[in-house]
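Reviewing the structure listed below.
In the numbering used here, the protein residues as written are 11 to 588.
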């Protein structure tokens with residue numbers, strides 16, 4: 011066993027999860043469930059070992075044990091509370107949980123051509139599929155939050171013998187009490203595993219002066235797992251491989267590079283190979299124009315209501331650029347279209363000072379280079395959304411700790427104590443605020459049913475409940491401007507993904523086939539739409555000449571003759587296609 015036991019267990023857990031992919035391609039039945047339970051056993055063992063390791067860092071006296079309880083145990087208990095309520099997170103309802111629900115309903119991991127996000131690397135969604143299969147999707151949020159533990163252990167491991175113990179304890183507390191980490195840990199996202207895999211790979215690539223064969227293979231596996239979680243994980247993995255190669259130029263060994271690369275490719279390739287075999291583009295739906303794609307939904311579409319609305323909401327360039335920096339400083343960005351309203355640690359602003367420390371200078375230099383290279387690329391490709399920077403979170407904590415080592419011991423101890431007190435205070439305050447804001451206790455006490463709770467928190471559940479209750483089980487519903495919260499629906503649904511009207515616009519613009527025949531070919535029996543969004547968007551299309559007068563008349567003729575209104579619920583209309 012390697013000295014870095016945490017990374018080894020993390021790799022075992024990730025690989026056991028990855029094994030569910032080839033199994034799921036054939037069936038998501040009993041065999042899939044058995045292997046998921048095996049993964050869960052390995053994962054829980056990793057979490058238990060991690061907690062034991064973290065607890066050992068706070069055993070010197072009762073004060074440290076109190077800090078452990080307040081800064082780690084209580085936040086985790088709060089995350090358990092938050093994960094026990096019905097899922098209301100936007101991205102989870104659109105794809106993180108929606109796609110696993112479809113996989114289970116169809117009995118296998120199958121292609122969903124119209125749903126762009128079903129092609130993404132989906133390592134964590136394999137785990138979500140298991141929880142969905144067990145009927146406990148609420149635990150998906152806590153499952154993701156559990157990756158905070160190996161994240162904290164990796165930071166503590168790297169800091170061992172290089173950063174004073176009080177600073178290491180501050181780093182552990184930062185992981186569990188930074189508000190933005192709390193946001194990610196209380197929702198079924200996939201970003202905390204990115205942070206955990208990212209820092210574990212860094213610990214293996216840059217921790218030792220002499221590279222060991224087992225260590226490099228393990229690093230390659232973890233980078234591959236990182237690339238299998240999300241496309242920005244692939245970006246970080248490539249950046250890490252590039253920085254590592256540069257650091258090895260003086261005594262570069264092709265054997266070491268080949269081992270690292272092969273381990274990375276073997277672990278990462280299943281998702282990208284699947285995409286390539288399905289649509290001819292390994293990173294579909296990205297870069298369709300550059301890499302090509304045989305998926306018709308990837309073709310450039312007519313501007314839609316969503317895209318027009320996004321243009322009108324775009325912030326000015328200065329605010330766009332400043333958003334991530336303001337959040338790093340601790341300012342909230344709730345009114346910013348590119349932020350998500352929560353803050354990171356103000357200590358992150360100290361990261362550049364890590365360059366002035368002498369111990370482990372290679373690690374600090376490589377870390378800052380990664381922050382610059384990956385951060386610039388992520389902001390360029392994805393915009394100033396702080397969640398896209400998640401692979402850097404562990405590195406940011408570590409570098410901010412390293413920067414404090416330049417202080418004299420007396421001042422450093424003052425800063426550390428203040429930092430721990432601040433993080434515990436802000437973490438617990440944010441946890442309580444989130445529990446109150448999400449009205450968790452009303453659900454746990456039975457005051458509100460799961461259905462009522464979700465209806466209050468997710469406006470789109472109104473139309474979803476109506477469709478589930480009044481339409482026949484064999485109905486197939488085209489969702490038009492309804493918010494795309496696919497997980498809420500028990501009936502078969504369809505549209506064209508992010509641009510929900512893209513398919514309909516293509517049918518309108520195709521005079522060679524009647525619109526009603528296009529609906530029939532797809533087996534669509536009903537249409538659900540948001541009235542005001544629909545009217546506003548089609549008026550914009552006409553005003554901007556994205557639809558001609560004749561094309562709009564074709565659509566109006568179809569709605570008059572073949573659309574029969576059945577139900578009207580709030581702003582939503584549900585009708586039958588005849």
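Cβ atoms here follow ideal geometry from the backbone N, Cα and C, with glycine treated the same way.
Just so it is clear, the structure is predicted and the values come from calculations on it, not from any experiment.
Short of 7 Å from the beta carbon of residue 379, and not among the five residues preceding or following it, lie these beta carbons of its own chain, in chain order: 253.
Here residue 189 really is in contact with residue 440; their C-beta atoms are around 4 Å apart, less than 8 Å.
Comparing C-alpha distances from residue 306 to each of 125, 140 and 579 shows the shortest one belongs to 125.
Inter-residue distance for residue 15 and residue 418 is about 33 Å (C-alpha atoms, whole angstroms).
The criterion of a C-beta distance shorter than 9 Å is not satisfied by residue 410 and residue 367.
Per DSSP, reduced to three states, the secondary structure at residue 477 is helical. With contacts defined as CB atoms closer than 9 Å, residue 102 and residue 497 qualify as a contacting pair.
In this structure, residue 373 sits near residue 216, with a CB-CB distance shorter than 9 Å. Between the C-alpha atoms of residue 162 and residue 446 there is a straight-line separation of about 27 Å. With distances taken between CA atoms, residue 444 lies nearest to 95 out of 95, 26, 50 and 37.
In this structure residue 504 touches residue 486 by the C-beta definition: roughly 6 Å separates them, less than 8 Å.
The three-state reading of DSSP puts residue 485 in coil, since its state is none of H, G, I, E or B. The DSSP-derived three-state label of residue 49 is helix.
For the pair residue 587 and residue 292, the Cα-to-Cα distance works out to about 36 Å. Under a 10 Å Cβ-count criterion, residue 51 is classified as exposed, with fewer than 16 other Cβ atoms of the shown protein chains found around its own Cβ. Residue 204 and residue 239 do touch by the CB rule: their CB atoms are close to 5 Å apart, below 8 Å. Of the other Cβ atoms in all chains shown, 16 or more fall within 10 Å of the Cβ of residue 210; this residue is therefore buried.
The shortest CA-to-CA distance from residue 448 to any of 433, 467 and 458 is the one to 467. Under the criterion of beta carbons closer than 8 Å, residue 225 and residue 235 do not qualify as touching, at roughly 16 Å.
A check of alpha carbon separations from residue 499 across 529, 299, 538 and 514 identifies 538 as the nearest.
Nearest Cα to residue 431 within the set 187, 451 and 257: 187. Beta bridge pairing from DSSP links residue 496 with no other residue. The residue from 198, 42, 140 and 469 with its alpha-carbon nearest to that of residue 99 is 198. In the DSSP annotation of this structure, the continuous segment of the alpha helix (DSSP H) that includes residue 241 starts and ends at 241-257. Rounded to the nearest angstrom, the gap between the Cα atoms of residue 28 and residue 546 is 45 Å. DSSP links residue 578 through a beta bridge to 583. Sequence-distant partners of residue 453 (beyond 5 residues in either direction) whose C-beta falls short of 6 Å from its own C-beta, in its chain, are 95 and 463. Our two residues, residue 133 and residue 271, have alpha carbons roughly 19 Å apart in a direct line. Residue burial is scored here from C-beta neighbours: residue 377 has at least 16 other C-beta atoms within 10 angstroms and is therefore classed as buried.
In the structure shown, residue 227 adopts helical secondary structure according to DSSP, grouped into three states.
Residue 489 and residue 561 have their C-alpha atoms spaced approximately 21 Å apart.
For residue 573, the pairing in a beta bridge is given by DSSP as 587. Straight through space, the alpha carbons of residue 23 and residue 183 are spaced by roughly 24 Å.
Excluding five sequence positions before and after residue 141, the CB atoms of its chain that fall closer than 7 Å to its own CB belong to 147, 149, 150 and 153, given in chain order.
The beta carbon of residue 109 lies closer than 8 Å to those of 122, 125, 127, 128, 132 and 135 in the same chain, with the five residues before and after it left out. Approximately 5 Å separates the beta-carbon atoms of residue 159 and residue 57; this is inside 8 Å, confirming the contact.
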